[in-house]
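Residue numbers for the sequence shown follow the working numbering, beginning at 1211 and rising by one.
Down below is the structure, laid out as structure tokens.
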Amino acid sequence: EEMDEAVRNRRRMAQQMREALDQGQFSLNWQLQAAVDTGDITGYEVLLRWIQPDGTFISPADFIPLAEENGLILPIGEWVLREALTQLRRWDAAGLPPLTMAVNLSAVQFRHDDLPELVGRVLDEVGMPAERLELELTEGAAMDNPSVAITVMNELHARGVQLSIDDFGTGYSSLAYLKKFRVGKLKIDQSFVRDLTEDAEDRAIVDAVIRMAAALGLQTLAEGVETEGQLAFLRHQGCQAVQGFLFSRPLTAQAFAEFVLAQVAATSAAAPLSAYAL
Ligand code: C2E
Ligand code: MG
Ligand code: MG
């Protein structure tokens, strides 16, 4: 009985996801990334949102695993990429600072033969240079089949796309492979950041990751930074960038653009908000 129920639920959810894609129920949120030393905005991450017609919010942590299982992550991921790049182009036209945009990539997308070509095609279609795009790949996805991962990373790198490893520390990284990966940045998983001020082991892990990354010539960004105490520790250890509620929650496109412009205005004699056509 229970198994039947579970199967029916997943089928219903899969059907709802298809409808969501057709009916425009997906949207994107934007969360800024900031430099630890200056607080300047260095870039932002795009986060997928699903709000059903009755207002129900479904977390990506809940629906993405299912979309990976039934393959819907491929059209959904392509939609995210196109939509995000289109927004990026609009913001460029409106005069926002030319920041780098990070888009999450599922392991299923990453394993798909067509990925580098697809990314190139969407960039061309939208008319954005590859250098502005960073793809976040989880550690698990990269380590699943490292030799294939190296090939795909090389192809993306050759096209000019930047790469980072997401949720670093939660997978099983072989350090031998890490040095062969064409990534520029490690994103330290928020599970290590959460208790940074209380937990000596988390501090030791984060410290070790930052040092190792520096030795390999990689940048580090800490995820889920919520407190000044966490930030102070990260700054002291030499972590370059942070992302988290301390700076900003993920925002809608409009709210994000206003946030960025307010920040720009605060640090320079820039034009007032009303001068930008958002
Ligand atoms: P992620 O890529 O590691 O994204 C960071 C998550 O941490 C986001 O959750 C974000 O809202 C949350 N977060 C940011 N700052 C803080 C903070 O200070 N404290 C806390 N507690 N949380 C913070 P979200 O948006 O629910 O996304 C969850 C995961 O779903 C993402 O983790 C990513 O793995 C996946 N995801 C989201 N959008 C996409 C997408 O477009 N494609 C794919 N394949 N996966 C996505
Ligand atoms: Mg991410
Ligand atoms: Mg993460």
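Don't be surprised by glycine CBs; every beta carbon is placed ideally from N, CA and C.
Keep in mind that this is a model prediction, so the values were computed, not measured.
- Query: Do L1295 and V1336 have their C-beta atoms within less than 9 Å of each other?
  - Reply: The answer is yes: Cβ separation under 9 Å.
- D1250 (DSSP reduced to helix, strand or coil): If DSSP states are grouped into helix, strand and coil, D1250 belongs with coil.
- Which residues does DSSP pair with D1354 in a beta bridge? Paired residues: none, contrary to the question.
- Whole-angstrom distance between Q1226 and I1398, CA atom to CA atom: Cα to Cα, I1398 sits roughly 33 Å from Q1226.
- Query: Straight-line CA distance for L1461 to E1365?
  - Reply: Whole-angstrom Cα-Cα distance: 32 Å.
- Item | According to DSSP, residues forming a beta bridge with S1237 | According to DSSP, S1237 bridges with R1259.
- Given that a residue counts as buried once 16 or more other Cβ atoms are within 10 Å of its Cβ, and exposed if not, what is M1455? Correcting the residue type first, residue 1455 is Phe in the shown sequence and not Met. Sixteen is the threshold: since fewer than 16 other Cβ atoms of the shown chains lie within 10 Å of the Cβ of F1455, the residue is exposed.
- Item | Near ligand 3: Q1440 beta-carbon under 8 Å from a heavy atom | Checking the Cβ of Q1440 against ligand 3 gives no.
- One or two residues paired with T1348 in a DSSP bridge: Paired residues: D1376.
- Item | A1340, enclosing alpha helix (DSSP H) - first and last residue | Run containing A1340: none; DSSP gives neither H nor E here.
- Query: Is D1272 near ligand 2, judged by its Cβ being under 8 Å from some heavy atom?
  - Reply: No.
- Task: Measure the beta-carbon distance from R1369 to P1326 and round it to whole angstroms, keeping in mind my assumption that it falls under 8 Å.
- Result: The pair is a contact, with the Cβ atoms about 6 Å apart (cut-off 8 Å).
- Counting pairs of Cβ atoms below 8 Å between the segment 1346 to 1361 and the segment 1372 to 1384, do you hit three or more? In short, these stretches touch, since the Cβ pair count reaches three.
- Does the segment 1254 to 1269 come close enough to the segment 1308 to 1322 to have 3 or more Cβ pairs within less than 8 Å? Touching, per the Cβ criterion.
- Nonlocal neighbours in the same chain, by C-beta distance under 8 Å from R1221, ignoring five residues either side: Excluding residues within five positions, none has a Cβ falling inside 8 Å.
- Message: Below 8 Å, is the gap between the Cβ of K1395 and the nearest heavy atom of ligand 2?
- Response: Not under cutoff, so the answer is no.
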